[in-house]
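Under the numbering used here, the first residue of the sequence shown is numbered 16, with each subsequent residue one higher.
Below: one structure, written as structure tokens.
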Amino acid sequence: MRTIRMEEMTWPDIKRAIESGFTTAVFAVGSTEQHGPHLPTMTDARIGDDVAERVTRKLGNALQARTIDVGISEHHLAFAGTISLKPETLALVLRDYVASLVHHGFTRIVVIPSHGGNFATVRQAIEAARQTHPGVDVTGFTDLLALTDFLNQASARYGVSAGDSGAHAGESETSIMMALENGLVAADRFAPGYIGPLGEAEMKVIFEKGMPALTSNGVLGDPRTASAEKGEEYLERFADLVISETGSKTGS
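Dropping the structure here:
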């Protein structure tokens with residue numbers, strides 16, 4: 016096929032693909048929100064879209080559904096440009112989104128949240144979808160701390176500390192965006208934000224009090240050692256992590 020992205024396909028092509036065995040649908044759930052003074056508000060959606068495409072290609076016999084590019088970002092609303100949905104709104108969107116895919120004949124659906132604020136709601140939506148569609152394998156990568164640990168470990172291979180790697184517009188995320196959209200990365204504005212432990216306690220502070228409770232510039236980490244070369248490796252490893260954590264098999 017010319018493309019595995021359904022948004023670029025016609026409906027007859029999608030129908031033929033499903034009938035010929037492309038019965039897995041993969042999609043990301045990103046956000047439109049601030050990413051410090053140096054990254055665009057599309058960052059989470061753009062990263063999720065790329066990872067979803069890589070996962071789709073690695074799986075084989077799969078199609079990529081369009082990325083949901085607005086998520087739960089209330090904790091970022093102190094920064095201009097952030098657009099946020101309420102958890103119940105995103106849950107309804109996901110309910111209808113999955114139902115549409117099931118209606119067309121997909122029997123396996125892989126959901127990839129690429130924004131921390133979406134993980135809990137995506138997990139709940141997956142559980143609800145499994146009840147509603149018992150004959151469909153609905154799964155996703157919904158362990159937020161596992162994702163932050165993965166990014167820290169990926170950065171550590173290059174001698175970057177966990178604090179600098181960060182979880183939001185730090186070295187790891189900035190490297191990824193340099194690989195994907197380097198022209199939108201304002202390298203002259205690289206500056207560290209919050210650098211310190213980022214576990215359940217810190218996440219609770221962010222979600223309950225907002226990002227400014229930990230960082231005045233909206234950055235968790237330090238982007239100054241970021242590079243596109245590292246970003247490409249992080250993306251590949253991220254896609255492999257999703258496949259591993261969702262129990263998916265490649266080449267099916």
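Cβ coordinates follow ideal geometry from the N, Cα and C atoms, glycine included.
Closest by C-alpha distance to Arg-39, when choosing among Pro-27, Glu-22, Gln-79 and Tyr-209: Mapped onto the sequence shown, residue 39 falls at position 24. The sequence shown places Thr at residue 39, rather than the Arg named in the question. Per the Cα distances, Gln-79.
Which listed residue (Gly-150, Gly-132 and Thr-154) has its alpha carbon closest to that of Glu-142: Sequence index remark: in the sequence shown, residue 142 carries index 127 (1-based). For Glu-142, the nearest C-alpha among the options comes from Thr-154.
Check whether Phe-205 and His-50 have beta carbons under 8 Å apart: For this step, residue 205 is matched to residue 190 along the sequence shown. For this step, residue 50 is matched to residue 35 along the sequence shown. No. Outside cutoff.
Residues near Arg-69 in its chain [Cβ-Cβ closer than 6 Å; skip 5 each side]: What you label residue 69 is simply residue 54 of the sequence shown in a count that begins at 1. Ala-254.
Residue burial classification, Met-16 (beta-carbon count within 10 angstroms, cutoff 16): Mapped onto the sequence shown, residue 16 falls at position 1. An exposed status is given to Met-16, since fewer than 16 other beta-carbon atoms sit within 10 Å of its beta-carbon.
Three-state secondary structure (DSSP) of Ala-182: Translated into the one-based positions of the sequence shown, residue 182 becomes position 167. Reduced to three states, the DSSP call for Ala-182 is coil.
Between the CA atoms of Leu-235 and Glu-248 - distance to the nearest angstrom: On the sequence shown, residue 248 is found 233 positions in, with the first residue counted as 1. On the sequence shown, residue 235 is found 220 positions in, with the first residue counted as 1. Cα to Cα, the separation comes out at about 21 Å.
The region 60-75 touching the region 94-112, judged by at least three CB pairs closer than 8 Å: Contact between the region 60-75 and the region 94-112 is absent: fewer than three C-beta pairs spanning the two stretches fall below 8 Å.
Status (buried if at least 16 other CB within 10 Å, exposed otherwise) for Glu-22: Here residue 22 refers to the residue found at position 7 when the sequence shown is read from its first residue. By the C-beta density criterion, Glu-22 is exposed, having fewer than 16 other C-beta atoms within 10 angstroms.
As assigned by DSSP and simplified to three states, the class of Asp-255: The sequence position of residue 255 within the sequence shown is 240, counting from 1. Three-state result, Asp-255: helix.
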